[in-house]
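Numbering (our numbering) for the sequence shown: 23 to 477.
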Amino acid sequence: MVFSSIMFIFRFLPIMFIIYYLTPNKFKNLSLLILSLVFYSWGEPKYFIIMLLSIVVDYSISIFIEKYREREIIPKVLLFCSIIFNLGMLILFKYLNFFIGNINLILGTSLSLIYLTLPLGISFYTFQTMSYTIDVYRGKIKAERNIINFGAYVCLFPQLIAGPIVKYSDIKNELKNRKINVNQVEEGITEFIIGMGKKVLIANNIGLLWNEIQELGISHVSTPLLWLGVIAFSFQIYFDFSGYSSMAIGLGKMLGFDFPKNFNFPYISRSITEFWRRWHITLGAWFKEYVYIPMGGNRLGKKRTVVNLFIVWFLTGFWHGAKYNFIIWGLYFFVLIVIEKVFLMNYLNKYKIFSHIYAITFIVFGWALFSFEDLFNIRYLFRMNFSLDFIYYLRNYFLVIIIAILGSTKIVNNIYERLIKKNKFLECIVLMILFILSVAYLVDFTYNPFFYFRF
């Protein structure tokens with residue numbers, strides 16, 4: 023069940039809020055845990071037990087880490103067990119066939135593949151539970167003694183399926199003592215509707231262009247049309263994921279939680295380094311805090327910094343999926359970031375117009391690597407196959423492309439903040455129109471994908 027669905031908006035959400043708001047404060051986390059498990063089971067009933075097992079294992083291990091903190095070895099062994107359990111689950115469901123396939127390819131064996139459905143959100147909640155036990159081990163937070171509170175943190179349905187990746191320290195105070203006021207609920211509703219508009223009205227519509235080009239066959243379309251398709255995909259994945267993140271943040275506010283921001287206009291970046299400070303912020307922060315810095319970060323010399331960056335970007339690509347195009351995509355950004363660190367950043371800071379053209383060009387090409395499962399298809403972006411077929415599609419999708427371009431900059435946001443938001447009546451009208459248009463689209467169209475569910 024996705025947030026941008028009639029089922030969620032008009033069935034689950036109203037019932038959930040009635041139950042949640044009528045529940046006394048001391049039982050709110052229990053009701054939230056049950057409602058979140060119902061939400062999760064709606065889409066993945068057979069993997070319900072995996073979620074519960076993850077809660078019990080990391081809850082128990084964190085308690086024992088704190089209990090035996092004075093012992094030198096025991097906390098390390100317990101942390102190791104927690105990481106092995108979480109990564110083991112991730113490998114079993116997400117990466118096992120990738121490893122089996124490569125073993126067969128390299129050694130000439132014929133090991134059978136194991137076909138398991140990927141549990142929804144496992145890449146996200148696994149990172150959350152690992153960050154929790156690591157922070158308990160480091161002494162940054164105290165182990166949560168109430169398993170209901172911990173379960174509510176792990177299963178919190180707004181961010182369970184596709185983030186943002188929320189650390190326990192981000193919401194520990196709100197888990198135990200949160201007050202919901204009218205302003206917070208209003209902000210949450212606003213964020214949710216804007217996110218739904220981005221997801222449904224922009225991402226879904228511009229995604230149709232990329233979908234049409236794929237159906238025609240990447241090898242059969244002209245080079246300009248293929249580039250137009252990759253640009254469309256670049257907008258689709260941004261508005262799809264950032265829209266869903268906005269809906270998650272909005273739902274969190276309605277429940278009394280402040281989730282961290284996940285996107286900050288990444289396509290206005292003037293370097294790849296800046297892009298990754300603005301794109302999927304919570305994932306980048308997770309890798310920085312729990313992988314890059316523990317390995318030494320940039321404190322151990324240039325060579326070690328490059329090695330650390332290589333590992334982080336390899337893992338970033340691999341996190342997105344067990345396919346080589348994702349790994350190449352991650353390493354592609356590693357190369358660009360290293361080049362920027364070595365010498366290019368000085369030039370980018372001097373020539374701002376050039377720097378933006380450079381950044382957006384390499385970002386879009388990166389999305390080509392991301393979207394092409396068969397990397398040999400990349401060659402079609404550079405062949406001399408020119409025709410005017412792209413004009414037909416440019417004409418049909420011109421309006422949504424212009425909206426996507428404006429929406430990916432701060433122009434629309436500034437208009438909203440400076441003009442619309444200051445007039446409550448006008449803001450209500452705009453939000454109502456946005457909501458009605460989004461719902462009308464959901465009723466009339468069946469094309470409603472969500473990319474990051476697969477990760």
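All C-beta atoms, glycine included, are put in the ideal place defined by N, C-alpha and C.
Separation of P282 from D192, as counted between CA atoms: Numbered from its first residue, the sequence shown carries residue 192 at position 170. Numbered from its first residue, the sequence shown carries residue 282 at position 260. Cα to Cα, D192 sits roughly 8 Å from P282.
Where T327 falls: helix, strand or coil (DSSP): Looking up residue 327 in the sequence shown gives position 305. Note: T327 maps to helix in three-state DSSP.
Residue from H378, H342, Q258 and L114 with nearest C-alpha to T295: Within the sequence shown, numbered from 1, the residue matching residue 295 stands at position 273. Looking at the Cα atoms, H378 is the closest of the given residues.
Reference L248, options L428, L231 and Y154, closest by Cα: Looking up residue 248 in the sequence shown gives position 226. The candidate whose alpha carbon is nearest that of L248 is L231.
Supposed contact pair M111 and I144 - C-beta distance, whole angstroms, cut 8 Å: Here the question's residue 144 lines up with position 122 in the sequence shown. Here the question's residue 111 lines up with position 89 in the sequence shown. Yes, I144 and M111 are in contact; Cβ-Cβ is about 7 Å, under 8 Å.
Cα-Cα separation between F287 and L133, rounded to whole angstroms: For the purposes of this step, residue 287 is identified with residue 265 of the sequence shown, where counting begins at 1. For the purposes of this step, residue 133 is identified with residue 111 of the sequence shown, where counting begins at 1. Rounded to the nearest angstrom, the two C-alpha atoms are 45 Å apart.
First and last residue of the uninterrupted alpha helix (DSSP H) at G272: For this step, residue 272 is matched to residue 250 along the sequence shown. T245 to L277 is the extent of the alpha helix (DSSP H) around G272.
Beta carbon of Y266 nearer than 8 Å to that of K221: What you label residue 266 is simply residue 244 of the sequence shown in a count that begins at 1. What you label residue 221 is simply residue 199 of the sequence shown in a count that begins at 1. It is a contact, given that the beta carbons lie within the stated cut-off.
Continuous alpha helix (DSSP H) stretch holding E296: start and end: Here residue 296 refers to the residue found at position 274 when the sequence shown is read from its first residue. Per DSSP, E296 belongs to the alpha helix (DSSP H) from I294 to R300.
Beta-carbon proximity check, V334 vs F365, cutoff 8 Å: Stepping through the sequence shown from its first residue, residue 334 is reached at position 312. Stepping through the sequence shown from its first residue, residue 365 is reached at position 343. No, the Cβ-Cβ distance between V334 and F365 is not below 8 Å.
contact_flag[the region 90 to 100, the region 162 to 182] where n(CB pairs < 8 Å) is 3 or more: no
Contact set for S291: own chain, Cβ-Cβ below 7 Å, skip 5 residues either direction: Your numbering for residue 291 matches position 269 in the sequence shown. Once the five neighbours on either side are set aside, the close Cβ partners of S291 are F297, R300 and A381.
Simplified DSSP state of F149, which is helix, strand or coil: Within the sequence shown, the letter at position 127 stands for residue 149. Three-state result, F149: helix.
Reduced DSSP secondary structure (H/G/I, E/B, other) of L5: Beyond the ends of the chain as shown, which are 23 and 477, falls residue 5; an answer cannot be given.
Contact set for I271: own chain, Cβ-Cβ below 6 Å, skip 5 residues either direction: By 1-based counting over the sequence shown, the position of residue 271 is 249. Taken in chain order, the residues that qualify are E213 and F281.
Proximity below 8 Å, CB of W389 to CB of S256: By one-based count along the sequence shown, residue 389 stands at place 367. By one-based count along the sequence shown, residue 256 stands at place 234. Contact flag set, yes.
Residue span of the alpha helix (DSSP H) that contains K201, given as start and end: One-based indexing of the sequence shown puts residue 201 at position 179. Where K201 is concerned, there is no enclosing alpha helix (DSSP H), given that its DSSP letter is neither H nor E.
C-alpha distance - K372 paired with V360, whole-angstrom precision: Counting from one through the sequence shown, the residue named residue 372 turns up at place 350. Counting from one through the sequence shown, the residue named residue 360 turns up at place 338. Whole-angstrom Cα-Cα distance: 19 Å.
DSSP-derived helix/strand/coil call for E94: Translated into the one-based positions of the sequence shown, residue 94 becomes position 72. Note: E94 maps to coil in three-state DSSP.
Sequence-distant residues of its chain with Cβ nearer than 8 Å to I228 (five each side left out): Translated into the one-based positions of the sequence shown, residue 228 becomes position 206. These residues qualify, in order along the chain: A254, F257, Q258, F261, Y419, V422, I423 and A426.
Supposed contact pair I187 and T45 - C-beta distance, whole angstroms, cut 8 Å: Taking the first residue of the sequence shown as position 1, residue 45 is located at position 23. Taking the first residue of the sequence shown as position 1, residue 187 is located at position 165. No, T45 and I187 are not in contact; Cβ-Cβ is about 27 Å, not under 8 Å.
Touch test, the region 172 to 184 against the region 135 to 154, Cβ-Cβ under 8 Å, three pairs minimum: yes
Where N320 falls: helix, strand or coil (DSSP): Here the question's residue 320 lines up with position 298 in the sequence shown. N320 falls in the coil class under three-state DSSP.
6 Å Cβ shell around I202 - same chain, five flanking residues per side excluded: Here residue 202 refers to the residue found at position 180 when the sequence shown is read from its first residue. So the list reads G278, once near-sequence residues are dropped.
Exposure of C177, with buried meaning 16 or more beta-carbon neighbours within 10 Å: Your numbering for residue 177 matches position 155 in the sequence shown. By the neighbour-count rule (16 or more Cβ atoms within 10 Å), C177 is buried.
Span of the alpha helix (DSSP H) around K446: Numbered from its first residue, the sequence shown carries residue 446 at position 424. Unbroken alpha helix (DSSP H) run through K446: K446 to D466.
Burial state of T151 (16 or more Cβ within 10 Å): On the sequence shown, residue 151 is found 129 positions in, with the first residue counted as 1. Classification for T151: buried.
Length of the line joining the Cα atoms of K48 and G173: Within the sequence shown, residue 48 is the residue found at index 26, counting from 1. Within the sequence shown, residue 173 is the residue found at index 151, counting from 1. The straight-line gap from Cα to Cα measures roughly 15 Å.
Check whether L456 and I215 have beta carbons under 8 Å apart: Locating residue 456 in the sequence shown gives position 434, counting from the first residue. Locating residue 215 in the sequence shown gives position 193, counting from the first residue. Cβ atoms of L456 and I215: closer than 8 Å.
Cβ pair L370, S244 closer than 8 Å: Residue 370 sits at position 348 when you count from the first residue of the sequence shown. Residue 244 sits at position 222 when you count from the first residue of the sequence shown. No.
Counted within 10 angstroms of its Cβ, other Cβ atoms place E362 as buried (16 or more) or exposed: Reading the sequence shown from its first residue, position 340 is the one you call residue 362. With 16 or more other Cβ atoms within 10 Å, it is buried.
Cα-Cα separation between E311 and F387, rounded to whole angstroms: Here residue 311 corresponds to residue number 289 of the sequence shown, with the count starting at 1. Here residue 387 corresponds to residue number 365 of the sequence shown, with the count starting at 1. Spanning the two alpha carbons is a distance of roughly 28 Å.
Euclidean distance between Cα positions of P316 and I37: Taking the sequence shown and counting its residues from 1, the one referred to as residue 316 is at position 294. Taking the sequence shown and counting its residues from 1, the one referred to as residue 37 is at position 15. Cα to Cα, P316 sits roughly 44 Å from I37.
DSSP three-state assignment for V79, whether helix, strand or coil: On the sequence shown, position 57 is the one that residue 79 refers to. Reduced to three states, the DSSP call for V79 is helix.
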